[in-house]
Amino acid sequence: MPEGDTVWRAARDLQAALAGAELTRTDFRVPRFATTDLSGRVVEGVASRGKHLLIRIAPGPGDDEGWTVHSHLKMEGLWHIYNRGERWRRPAFKARAVLETVSRQAVGFELGILRVLPRSGEDEAVGYLGPDLLGPDWDPAEALRRLEAVPERPVGLALLDQRNLAGIGNVYRCELCFLVGVHPLTPVRDVPDLPRLVDLSKRLLEANKSRSRRITTGLAGRDPLWVYNREKRGCLRCGTRVVHELVGDNELELRDLYYCPRCQPPPDLGEAASGAGTLEG
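The structure is reproduced here in structure tokens:
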């Protein structure tokens, strides 16, 4: 499941393959940008912003400013890098973007969002995001302030909201709540040590950003996660059956939630599971 660490690696690999090279062909396979042609322009660089990916392209003849290819992987998306002429490892009908240079080819498959924006449009696309856990703008005090701004919101929903801190997805929110011993539906105001949770979020993503396999247990073998997707195997710490629920701010935003009822005893919630606000990706 793509989260901030996955997108960070994608940006790193695309940067190595494309930065400084001239595009010889571009192909955007979404109706709105199907006729957009950025060939002849140079890729200036690639950056991740939370779970968003920004490929920045220099101005070309007649352009007033540069361009940004903005993508979000959502649930199934990914970018592949190939040598020119190399066979794709995914079906061509799943490709949404193709960026070619003289020697390389970057292909975005099943991208949840794909847009080609003037450089000035970047802020509109990602400016709402909170501090990026893996970015140069990381600011733990600001992330803490944003989380605390809605104290009644369940912490498991607040962590997923990219307006608070950018880069946490479903796996990390479940594992983080487990690691600090907090039930994910605990209101933010009742989390015993919220600064520790923010600090652990940063450290966990940093530890995993260069790994091909996400690990939260310190065990690189068959048990890399404590509770996520372990409803049939039990909590890795105590063996208690892991609870799996669908929780969200509304019926359209339900997402998988995993927790250990023994290691993370539930608070007296009432209707707290409904949260406050909406999730932003």
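Residue numbers (the numbering used here): 13 to 293.
Beta carbons are placed, not taken as given, at the ideal position from N, Cα and C, and that holds for glycine.
The three-state reading of DSSP puts Ala31 in coil, since its state is none of H, G, I, E or B. Beta bridge pairing from DSSP links Asp39 with Val110. For Tyr184, the enclosing alpha helix (DSSP H) stretches over residues 182-191.
Among the bridge pairs identified by DSSP, Phe121 is matched with Leu90, Ala107. If you ignore the 5 residues before and after Arg131, its C-beta comes within less than 6 Å of the C-beta of Glu77, Gly78, Thr80, all in its own chain and listed in chain order. For the pair Ser60 and Ala23, the CB atoms are nearer than the 8 Å cut-off.
Around the beta carbon of Asp17, 16 or more other beta carbons sit within 10 angstroms, so the residue counts as buried. Only buried fits Ala155, as 16 or more other CB atoms lie within 10 angstroms of its CB.
When secondary structure is reduced to three states using DSSP, Ala161 falls in the coil class, being assigned neither helix nor strand.
Judged by DSSP in its simplified three-state form, Ser213 adopts helix.
In its chain, beyond the 5 residues on either side, Gly16, Leu141, Asp144, Gln174, Ala178, Gly179 have a beta carbon closer than 7 Å to the beta carbon of Gly62. Residue burial annotation: Ala170 is buried, with at least 16 other C-beta atoms found within 10 angstroms of its C-beta. In this structure, Leu111 is the residue among Tyr94, Gly72, Leu111 with its C-alpha nearest to the C-alpha of His82. In this structure, Asp211 places its C-beta atom within 8 Å of the C-beta atom of Pro152. Where Glu136 is concerned, the enclosing alpha helix (DSSP H) starts and stops at 134-138.
Each residue's CA atom was taken as its position, placing Asp268 and Asp149 some 29 Å apart. If you ignore the 5 residues before and after Arg201, its C-beta comes within less than 6 Å of the C-beta of Pro163, all in its own chain and listed in chain order. Taking the C-beta atoms as reference points, Asp235 is found no nearer than 8 Å to Leu217. Residue environment: Ala118 is assigned as buried (16 or more neighbouring CB atoms within 10 Å of its CB, all protein chains considered).
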